[in-house]
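Numbered per the numbering used here, the sequence shown spans residues 156 to 950.
Ideal Cβ positions, reconstructed from N, Cα and C, are used throughout, including at glycine.
All values reported here derive from a predicted model rather than from experimental measurement.
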Amino acid sequence: MLSYTDKINELYSHPQKPLTEHLLNVAENSRSIFENLNIENNSFYASLSFLIGLCHDFAKCTSFFQKHLFGIENSEKAYHSFLSAIFGYYVIKKYIKENEIKEELNYPIIGYICIINHHGNLKDVYNTEKSEFNKINQIPQYLDEQIKDIKSRNISSLKEFYLKYNISIDDFLEEYEEIKSVIKKDLKIIYREKRIDNYFNVLILFSVLLDSDKLDASYTETYPRQELNANLVDLYKQEKFGQYEGINEIREEAYQELTSSLENIDLNNKIYSITLPTGSGKTMSAFSFALKLRRKIKNEKNIIPRIIYTMPFLSIVDQNEEVLRKILNYSNYDTSDILIKHNSTSELSYVVNKNGTTKIQDDPTEKAELDVDKAEMLLEGWYSEIVITTFYQLAYTLISNKNKALRKFHNISNSIIIVDEAQSIPAKYNQIFKTALDYLSKKFNVWIIFMTATQPEIFKESDGILPLITNEQKYFDCFDRVNYVFHHTPMTIDDFKEKIVDIIQENNKDIMIVLNTISSSTEIFEYIQGYFDEEGIELYYLSGNIIPKEKLERIKKIKESNNRKVIVTTQLIEAGVNIDVDIIYRDFAVMDSIIQTAGRCNRNDKKEKGTVNIIHLINENKREYSSFIYDSTLLRLTEELTKDYTEISEKDFNLKISKKYYTEVNNRISHDVSHNLEKIISTLKISNITHEFKLIEDDIEKIDVFIEINDEATEIWDKYNEIYSDKNLKNYEKKLKLKKINRQFNNYVLSIPTNLIGTVNYDKFIFHVGKNDIERKYNLNTGFIAQENENAYMI
Numbered sequence: 156m157l158s159y160t161d162k163i164n165e166l167y168s169h170p171q172k173p174l175t176e177h178l179l180n181v182a183e184n185s186r187s188i189f190e191n192l193n194i195e196n197n198s199f200y201a202s203l204s205f206l207i208g209l210c211h212d213f214a215k216c217t218s219f220f221q222k223h224l225f226g227i228e229n230s231e232k233a234y235h236s237f238l239s240a241i242f243g244y245y246v247i248k249k250y251i252k253e254n255e256i257k258e259e260l261n262y263p264i265i266g267y268i269c270i271i272n273h274h275g276n277l278k279d280v281y282n283t284e285k286s287e288f289n290k291i292n293q294i295p296q297y298l299d300e301q302i303k304d305i306k307s308r309n310i311s312s313l314k315e316f317y318l319k320y321n322i323s324i325d326d327f328l329e330e331y332e333e334i335k336s337v338i339k340k341d342l343k344i345i346y347r348e349k350r351i352d353n354y355f356n357v358l359i360l361f362s363v364l365l366d367s368d369k370l371d372a373s374y375t376e377t378y379p380r381q382e383l384n385a386n387l388v389d390l391y392k393q394e395k396f397g398q399y400e401g402i403n404e405i406r407e408e409a410y411q412e413l414t415s416s417l418e419n420i421d422l423n424n425k426i427y428s429i430t431l432p433t434g435s436g437k438t439m440s441a442f443s444f445a446l447k448l449r450r451k452i453k454n455e456k457n458i459i460p461r462i463i464y465t466m467p468f469l470s471i472v473d474q475n476e477e478v479l480r481k482i483l484n485y486s487n488y489d490t491s492d493i494l495i496k497h498n499s500t501s502e503l504s505y506v507v508n509k510n511g512t513t514k515i516q517d518d519p520t521e522k523a524e525l526d527v528d529k530a531e532m533l534l535e536g537w538y539s540e541i542v543i544t545t546f547y548q549l550a551y552t553l554i555s556n557k558n559k560a561l562r563k564f565h566n567i568s569n570s571i572i573i574v575d576e577a578q579s580i581p582a583k584y585n586q587i588f589k590t591a592l593d594y595l596s597k598k599f600n601v602w603i604i605f606m607t608a609t610q611p612e613i614f615k616e617s618d619g620i621l622p623l624i625t626n627e628q629k630y631f632d633c634f635d636r637v638n639y640v641f642h643h644t645p646m647t648i649d650d651f652k653e654k655i656v657d658i659i660q661e662n663n664k665d666i667m668i669v670l671n672t673i674s675s676s677t678e679i680f681e682y683i684q685g686y687f688d689e690e691g692i693e694l695y696y697l698s699g700n701i702i703p704k705e706k707l708e709r710i711k712k713i714k715e716s717n718n719r720k721v722i723v724t725t726q727l728i729e730a731g732v733n734i735d736v737d738i739i740y741r742d743f744a745v746m747d748s749i750i751q752t753a754g755r756c757n758r759n760d761k762k763e764k765g766t767v768n769i770i771h772l773i774n775e776n777k778r779e780y781s782s783f784i785y786d787s788t789l790l791r792l793t794e795e796l797t798k799d800y801t802e803i804s805e806k807d808f809n810l811k812i813s814k815k816y817y818t819e820v821n822n823r824i825s826h827d828v829s830h831n832l833e834k835i836i837s838t839l840k841i842s843n844i845t846h847e848f849k850l851i852e853d854d855i856e857k858i859d860v861f862i863e864i865n866d867e868a869t870e871i872w873d874k875y876n877e878i879y880s881d882k883n884l885k886n887y888e889k890k891l892k893l894k895k896i897n898r899q900f901n902n903y904v905l906s907i908p909t910n911l912i913g914t915v916n917y918d919k920f921i922f923h924v925g926k927n928d929i930e931r932k933y934n935l936n937t938g939f940i941a942q943e944n945e946n947a948y949m950i
């Protein structure tokens, strides 16, 4: 490693990397990103981002930073982003003036905001204690010390470097005091302008700077964009499916209508809807449509859009990833620059062909897996043609101030976004999603597809959303697989126990019981188990109390078994789990949860009509269990719309109840949260935006617990300890190695409410139930044992 003594007359940005090399790499890569984006004013953005990249680490030239870099001295004087931001402001302002560029927005101050925050999260620009305005209004002493240091040092090579781009460090140093006062004024102005444009311009320029900086610092190369055959799904279907009969014939008809709708689409209309019933093959149909839309956009707009497929639940992500991989692998598209899955449990792996391409004719055995740090860069930057991910990842890239989340924002530009199960977006956020997605479609050339059985009122036809299925009712009429039966009289757990045992005895059918709480589900399961332990039925339990690996194995067994099954579960079954049963008993819930649960009954319409029973379970205090879980406004609305029905067919339910529900939701739910979020982003007062924007509502504090349930879990736990305890590894190296085993590790991790965790060992920054303690803390049938049910802990 280079020492400061060895390189005292040279300037470095990172160990082994000269400062000017890093500045130029970041600047050129930033410019290249914008040159390859098809958005308004992209040539101006390319020049602007080049200047931001050229200035972002300017203040690393101080002796304070150079000593810090080589471990000689640490002090606040080494902090480089503040002075670099002032320099960037000066350079951009001078560039705009000299080139007589007339722009509506204040790009010098936007560049300043990007540079000053590029090692952290975006902060408020004005009107808070830690805002950028207060920071420059109370200039820290170290800033003036840095200016003196630069004036006193011989940095002729850096001055020569900047002069190549008509930038004079000497002129900047002379104007430094005046520049600070102008920045203060501009920060106040951008706050008072209250323009959404300011927010999204900060995001895209910040994103490009972050990405270029991190890629260069980590020596990570990106891979060439890849062509995709638009007929991939058609090729796969021809091979895998035979004649289309019954419900499959209806699915094929919907598929053909959807894909043929492209012929008449005007690409200037960028927001579409696919409204089809649950079980109609939307995943495959939407993917095929997106591939063909991608080809059309390339031919007509000269844009090659990424396909970003988003879903509300991790289980749907896993399930749909499996479908997409089968389609892609059939045509030998099997590398990570074609498809990645990105969510909180993703494995840090990125595989490419050794020659850097993924064309079909390449030898599929010539694969290479990138180092974990480079894999992380490409995965989290969304550097693939197809990204399958969650709403959470997309939402917190659009509405956020977080460095890590915003880095991939520019790769959302020029994309096709599929929003699957769109009704799962909390209604109070409808307006802010509409604002964000509408802006993306108009300014950044993004095409958006909302896909669901019942469209939420985010975009209405009056807003220009284009339905791709023109006669949706025809398909809903064909999907009449179940009857909904409403039992309006409240029922205690004890009453339901007796009732469900009788029903299981009387019906030789597969039955699913869906409860709202873990406690009620375990009570029902254990009661049924006592009756039918040796009765020739397969009894299964599913909930968030079961480790993920075991949960997936149970779901697999349920799907593969031809024996009679009784399944007791919580609402996790709604999350796209393709289980098929004859009868469902569902504790009362909000409308979309009821509909999602019903989708597990008679899915393929191969049996006699299924029955979905909706019951009202109450606890000993006569409080309904649903009230512990769901929004009271939505529960009341669901009750109002169903109270006059005792039985209704799926077809009539969709026609008379579910559509009305989503219209009423939009009318009744408060939109104050969305309006407040719009105010926050338009004023760039965004340091606390994540407190206002919570896509997953969970007020219960939870703690992660590793369950060492078997030999594999022990092996993974030992590996975790080995990495964590290795004193030869630096912290970032440990972090990367731990991320590498993240997916395996998380197979044995549960998130448990703090008040229920009880007595559990705390080891290596995570709670841990060891092999010797499994019997006390983990039931092999019902999972984690809460505090009130655990045995005494013997030390």
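Can you round the beta-carbon distance between residue i and residue j to whole angstroms, since I take them to be within the 8 Å contact cut?
| i | j | result |
| --- | --- | --- |
| L360 | C269 | 5 Å |
| I713 | I734 | 5 Å |
| Y485 | L390 | 7 Å |
| Y538 | D492 | 7 Å |
| V723 | Y696 | 5 Å |
| T937 | F680 | 6 Å |
If you follow the alpha helix (DSSP H) that residue i is part of, which residue opens it and which one closes it?
| i | result |
| --- | --- |
| L364 | 351-372 |
| W872 | 866-880 |
| V820 | 814-823 |
| F220 | 218-224 |
| D917 | This sequence places Tyr at residue 917; Asp is not what is there. Not the alpha helix (DSSP H): Y917 falls in the beta strand (DSSP E), residues 916-918. |
| V828 | 827-837 |
| S570 | Per DSSP, S570 belongs to no alpha helix (DSSP H); it is in the beta strand (DSSP E), 570-575. |
| E678 | 673-687 |
Does residue i pass the burial test, meaning 16 or more other C-beta atoms within 10 Å, or should it be called exposed?
| i | result |
| --- | --- |
| T545 | buried |
| K514 | Residue placement at K514 cannot be trusted, given a pLDDT of 40 that sits under 50; the coordinates are not used to answer. |
| L935 | exposed |
| Q296 | exposed |
| Q171 | exposed |
| F564 | buried |
| H223 | buried |
| F220 | buried |
| K232 | buried |
| E833 | buried |
| T647 | exposed |
| Q516 | Its pLDDT being 39, under 50, Q516 is placed unreliably by the model, and nothing is read from it. |
Would you please verify whether the beta carbon of residue i is less than 8 Å from any beta carbon of chain D?
| i | result |
| --- | --- |
| I862 | In summary, chain D is missing from the structure at hand, where a single protein chain is found. |
What are the start and end residues of the beta strand (DSSP E) that includes residue i?
| i | result |
| --- | --- |
| F743 | First-last for F743: undefined, no H or E at that position. |
| N768 | 765-770 |
| D389 | From DSSP, D389 is part of no beta strand (DSSP E) but of the alpha helix (DSSP H) over 387-395. |
| P170 | It is not in any beta strand (DSSP E) - P170 carries neither H nor E in the DSSP assignment. |
| E693 | 693-697 |
| Y505 | That residue, Y505, is in no beta strand (DSSP E); it is neither H nor E in DSSP. |
| H923 | 921-924 |
| R778 | Per DSSP, R778 belongs to no beta strand (DSSP E) and is neither H nor E. |
| I405 | No beta strand (DSSP E) contains I405, which is instead part of the alpha helix (DSSP H) from 402-415. |
Cβ atoms of residue j and residue i: under 8 Å apart, would you say?
| i | j | result |
| --- | --- | --- |
| A385 | R449 | yes |
| I862 | V767 | no |
| A445 | I824 | no |
| I264 | Y244 | yes |
| N457 | N191 | no |
| L621 | I426 | yes |
| E524 | K509 | no |
| Y594 | F355 | yes |
If you pair each beta-carbon of the segment 699-708 with each one of the segment 630-637, do three or more pairs fall below 8 Å? no
Tell me, please, whether the segment 425-437 touches the segment 599-610 by the rule of three or more beta-carbon pairs shorter than 8 Å. yes
Just checking, does the segment 756-763 make contact with the segment 589-601 on the three C-beta pairs under 8 Å criterion? no
Would the segment 637-644 and the segment 663-679 be scored as touching if the rule is three or more Cβ pairs under 8 Å? no
Would you be able to state if there are at least three C-beta pairs under 8 Å between the segment 812-832 and the segment 857-873? no
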